[in-house]
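Peer 1: With the sequence shown counted from 1, adding 1 to any position gets you my numbering. Yeah, the Cβ is synthetic: ideal placement off N, Cα and C, and Gly gets one too. Please read these numbers as outputs of a predicted model, since none were measured by experiment.
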Amino acid sequence: MHSLCRITGALILVLLATACASGSVASATPQQPSPSTRIGALPSGTFSVTATGETDPVPHGGDAADDPAIWVNPEDPSKSLVIGTDKKRGGGLAVYDLSGREVAYHDDGAMNNVDVRLDIVVAGNESNNTIAIYRISDGSLMPAEGDATTPGITIYGNCLYRSPLSDELYVFLTSRKGQIEQWQLTETGAGQFDATLVRSISLDSQTEGCVADDALEVVYFAEEKVGIWRFGAEPDAEEPGTLIDTTDGGHLAADVEGLALAAVGADDGFLFASSQGSDEYTIYTRTDNAYLATFSIDDGDDADGTSDTDGIDVTTVSLGSAFPSGLFVAQDGKNEGGAQNFKLVPLDAILP
Ligand code: CA
Ligand code: CA
Ligand code: CA
Ligand code: CA
Ligand code: CA
Numbered sequence: 002m003h004s005l006c007r008i009t010g011a012l013i014l015v016l017l018a019t020a021c022a023s024g025s026v027a028s029a030t031p032q033q034p035s036p037s038t039r040i041g042a043l044p045s046g047t048f049s050v051t052a053t054g055e056t057d058p059v060p061h062g063g064d065a066a067d068d069p070a071i072w073v074n075p076e077d078p079s080k081s082l083v084i085g086t087d088k089k090r091g092g093g094l095a096v097y098d099l100s101g102r103e104v105a106y107h108d109d110g111a112m113n114n115v116d117v118r119l120d121i122v123v124a125g126n127e128s129n130n131t132i133a134i135y136r137i138s139d140g141s142l143m144p145a146e147g148d149a150t151t152p153g154i155t156i157y158g159n160c161l162y163r164s165p166l167s168d169e170l171y172v173f174l175t176s177r178k179g180q181i182e183q184w185q186l187t188e189t190g191a192g193q194f195d196a197t198l199v200r201s202i203s204l205d206s207q208t209e210g211c212v213a214d215d216a217l218e219v220v221y222f223a224e225e226k227v228g229i230w231r232f233g234a235e236p237d238a239e240e241p242g243t244l245i246d247t248t249d250g251g252h253l254a255a256d257v258e259g260l261a262l263a264a265v266g267a268d269d270g271f272l273f274a275s276s277q278g279s280d281e282y283t284i285y286t287r288t289d290n291a292y293l294a295t296f297s298i299d300d301g302d303d304a305d306g307t308s309d310t311d312g313i314d315v316t317t318v319s320l321g322s323a324f325p326s327g328l329f330v331a332q333d334g335k336n337e338g339g340a341q342n343f344k345l346v347p348l349d350a351i352l353p
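1. Spatial neighbours of Y221 within its chain, please: C-beta separation below 7 angstroms, excluding the five flanking residues on both sides.
2. So, do the stretch 173-182 and the stretch 78-85 have three or more beta carbon pairs nearer to each other than 8 angstroms?
3. What are the boundary residues of the alpha helix (DSSP H) that A350 is part of?
4. Is the beta carbon of E55 within less than 7 angstroms of some heavy atom of ligand 4?
5. Specify the secondary structure class of G339 as computed by DSSP and reduced to three states.
6. Run through DSSP, which three-state label would K80 get?
7. Please report the distance separating the alpha-carbon of P69 from that of A323.
8. Might you give, ordered along the chain, the residues of its own chain that have their beta carbon closer than 8 angstroms to the beta carbon of A254, omitting 5 neighbours on each side?
9. Quick check: is any heavy atom of ligand 4 less than 7 angstroms from the C-beta of G312?
10. Measuring CA to CA, which of K344, S49, V172 is closest to D67?
11. Measure the alpha-carbon distance for R200 versus D302 and round it to whole angstroms.
12. Pull up the CB-CB distance for S332 and G306, whole angstroms please, since I reckon it's below 8 angstroms.
13. Under 8 angstroms, with one C-beta from each stretch per pair, do the stretch 157-170 and the stretch 233-250 reach the 3-pair mark?
14. Can we say the stretch 128-146 touches the stretch 104-112, given the rule of at least three CB pairs closer than 8 angstroms?
15. Please list the segments of the beta strand (DSSP E) lying wholly inside the stretch 87-139, counting only runs of 3 or more residues, in order along the chain.
16. So the candidates are G190, L94, D77; which of them puts its Cα closest to the Cα of P60?
So this is what it looks like as structure tokens:
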């Protein structure tokens, strides 16, 4: 049994019991630790939280940091990583530990959005308009070999989808013109991937943020001036999509930016959205996308708050004593005293 399973801290016992029972913590092959099965009172109304940590600033000044992704370490979740993008010329992917310290920086191009499934990391490289694919091995980000794929559209955002039906991995690419492409990523051997276009979707205007819910086979897109769309994520899913919240009389203020999914159990949990125009985040139920609450990240003792907020990510996996119920990460458009960075909020501050 993994040593983590012997920890008897009261709060994480329930989470660990789930993880240990399913064997996911001790698994030798990469496997996502089980998400929380705990769901407390539903968040409601408008509230504020503070960050308990923040990452080192990204290398470039101006509007450089955009989107984070959380990689959950299957061996030791307290050694999980936050990957953040720097979208300026000469930008790349920064890798941070959970204290926010930069442990690596890959200056591979102007990366705008980034997403993770198990040990596979995919970012959109705006410098050469390619899908940048990496693997995490021994806690390090390694470029996957193979020919970089150039899509038919100019990449703006991207997110991953692992089909529970076919087990195929897909990346959704979004664009400033509202075009969306779904590409199937097929591993062809030793860390190489082929990409095949399987579907195109058109929205009316600039679309960036997206997130897929693998278990429920749906994907959400943020049409920045309009709202959040829900589509079936399978390549043959029926269209059109459904607008679940809007900037026009809804709970969002343009631009709608990052989207993130907090899984609780198999099919419960929450969808989060970044409402850039109001410096806030909105929360919806995962299954029927009912609006629940709006919150901001305000100045606190450990870090300044977020404003002009961009990409976000969230996990409900316990990441150890600093983030016992999971972690919410948000880009900060105006980091006090430095270049832009990412703020780290314990999930129990948002979902008590
Ligand atoms: Ca920005
Ligand atoms: Ca992301
Ligand atoms: Ca944007
Ligand atoms: Ca963005
Ligand atoms: Ca700030």
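Peer 2: Checking against the coordinates, here is how it stands:
1. C211, V212, I229, W230, R231, L260, L272
2. Judged by Cβ distances under 8 angstroms, the stretch 173-182 makes no contact with the stretch 78-85, as fewer than three pairs qualify.
3. Looking at the DSSP string, the run of the alpha helix (DSSP H) that includes A350 is 348-351.
4. no
5. coil
6. Taken through DSSP and simplified to helix, strand or coil, K80 comes out as helix.
7. 18 angstroms
8. T248, S276, Q277, G278, S279, E281
9. yes
10. K344
11. 47 angstroms
12. Just to set this straight, residue 332 is Gln in the shown sequence, not Ser. At roughly 12 angstroms, the Cβ-Cβ gap does not stay under 8 angstroms, so Q332 and G306 are not in contact.
13. yes
14. Contact holds: three or more Cβ-Cβ distances are below 8 angstroms.
15. 93-97, 103-107, 112-118, 121-126, 131-138
16. Out of G190, L94, D77, L94 has the C-alpha closest to the C-alpha of P60.
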